[in-house]
Amino acid sequence: DQQKSFFECFGYIVMPGLLKDSIGEIQDAFEEVWLRRDANYGHKHDGMRRSMIVPFIDQHERLCALLDDPKIEKLVEGLLGEGFNYVGSDGNFYVGDSQWHSDRWISEVRFVKVAFYLDSLKSGSGCLRVLPGSHRLGDRYSQQLQANVKDSMLIPASERWGISGSDVPAAALETEPGDVVVFAHNLKHAAFGGGSRRRMFTINCCERVPDRHLNILHDCISDHARGYGIDSMYDEKMLATAGPQRHKHLAQVLANQGHMAAEVEKWQA
């Protein structure tokens, strides 16, 4: 259909007002998760650097239920097919700029990020910027961008191209609370001009992985174990509140995460 065709060509979709009717509940749940985290661990967001919780939606029943929301499920199924996998989430208070990057750079398995921005964001105040079409591996344009941008944290655009990162030609996806943005993990994206408490969280998904590419799913799971020190991709609330339909999006990961505890032990050794 038109939506999938647009996504395949440009690498992203913006759904204005998709969750407008429930955004108040979602914002409240977001804040509750952070308040509990602050109370339990004493790590209050200080506005100086990014704060992150992984997995995030798993911490609150209302956020877990987003996986069951027909609007979200239908949107992701339209891009990845039925039986897609939920592969984790992160909740964030962003601070300042995020430089140009891709979350992943592979062609064998399709990954997407569903992004929920809880504040009004404009071009100059930290909205998501994307380089349309930069997700297409093998395309000359995207391969040249990958060669130039993959180390943008070390070599900024000002040194590479003589311009600031915010001046790189891009689509600025201005959003209001209740809008939903979906983009391919391969897509180059960034944000500039944000404040010290930019609220957003994600739901990451991939297509159901064929047996011949299970190593990619295995590596994704290992990255979570090593990167976040967790021995399960899902928290207790996600599993305890899951019905049969949600389990379809958890089953393949659950069947392939048995190595996580060992990965954490190696990482902590």
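Counting the sequence shown from 1 gives a position; our numbering is that position plus 732.
Glycine included, C-beta positions come from ideal geometry on N, C-alpha and C.
Keep in mind the model is a prediction, meaning the values are calculated, not measured.
Cα separation between residue i and residue j?
i: G925; j: D955; result: 29 angstroms
i: D760; j: N824; result: 14 angstroms
i: I972; j: I758; result: For the record, residue 972 in the displayed sequence is Ala; it is not Ile. Looking at the two C-alpha atoms, the distance is approximately 20 angstroms.
i: G975; j: F738; result: 32 angstroms
i: V845; j: L919; result: A quick correction: the sequence has Lys, not Val, at residue 845. If you take the alpha carbons of K845 and L919, they lie about 10 angstroms apart.
i: S866; j: A923; result: 16 angstroms
i: D967; j: D822; result: 12 angstroms
i: I935; j: W893; result: 33 angstroms
i: G897; j: S890; result: 7 angstroms
i: G858; j: K776; result: 22 angstroms
i: R794; j: H979; result: 17 angstroms
i: G961; j: I789; result: 17 angstroms
i: E763; j: D963; result: 25 angstroms
i: L767; j: P787; result: 16 angstroms
i: K998; j: H950; result: 16 angstroms
i: P888; j: S874; result: 18 angstroms
Out of the options, point me to the one whose CA is closest to residue i's CA.
i: C952; options: E995, Q875, M784; result: E995
i: H917; options: D835, S783, G779; result: D835
i: A903; options: R861, L807, E891; result: R861
i: P802; options: F848, S852, L751; result: L751
i: F915; options: S898, G927, S928, C937; result: C937
i: T907; options: R868, G870, K854; result: K854
i: Q734; options: Y873, L863, G870, L811; result: L811
i: R868; options: I838, F762, I789, K882; result: I838
i: G927; options: D829, L767, E997, P787; result: D829
i: P942; options: A879, K882, G813; result: G813
Within 10 Å of its beta-carbon, does residue i have 16 or more other beta-carbons around it, so buried, or fewer, so exposed?
i: R930; result: buried
i: M780; result: exposed
i: Y744; result: buried
i: C741; result: exposed
i: Q791; result: buried
i: A957; result: buried
Hey, residue i and residue j are a contact pair by Cβ (cut 8 angstroms); roughly how many whole angstroms apart?
i: M965; j: G820; result: 6 angstroms
i: I948; j: E840; result: 6 angstroms
i: Y826; j: R769; result: At roughly 16 angstroms, the Cβ-Cβ gap does not stay under 8 angstroms, so Y826 and R769 are not in contact.
i: Q989; j: R940; result: The pair is not a contact, with the Cβ atoms about 15 angstroms apart (cut-off 8 angstroms).
i: M932; j: F848; result: 6 angstroms
i: V808; j: L905; result: In fact, because the Cβ distance is near 18 angstroms, the residues do not count as touching under 8 angstroms.
i: D800; j: Q977; result: 6 angstroms
i: G749; j: D851; result: Rounded, the Cβ-Cβ distance is 15 angstroms, inconsistent with contact.
i: P909; j: I755; result: 5 angstroms
i: Y818; j: H981; result: 5 angstroms
Continuous alpha helix (DSSP H) assignments of at least 4 residues falling wholly in the stretch 812–894: Runs of the alpha helix (DSSP H) inside the stretch 812–894: 872–881, 889–892.
Any alpha helix (DSSP H) of 4 or more consecutive residues that is wholly inside the stretch 768–801: 793–796
Those runs of the alpha helix (DSSP H) which lie wholly inside the stretch 921–996 and span at least 4 residues: 946–960, 968–972, 976–979, 983–986
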